[in-house]
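Worksheet: one structure, shown below.
Numbering (the working numbering), first residue to last: 155 to 209.
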């Protein structure tokens, strides 16, 4: 299922990226930085391997 093979890695990578932003920029995180973190997480989790595992 997609919730295990795709969304779980997406959640894990996105959480890691946001936590690193919080550690580096304690006062303020912009929407652009959050979107960039999501883009990185999306690209790392949306792989052919993860898609094949889902089916």
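Using N, Cα and C, we set each Cβ at its ideal position, and we do this for glycine too.
Rounded to the nearest angstrom, the gap between the Cα atoms of residue 205 and residue 159 is 7 Å. Residue 183 has its alpha-carbon roughly 14 Å from the corresponding atom of residue 169. One Cα belongs to residue 208, the other to residue 173, and the distance between them is close to 27 Å. Assigned with DSSP and collapsed to three states, residue 181 falls in coil, not helix or strand. Look at residue 201 here: in three-state DSSP terms it is coil, with no helix or strand label.
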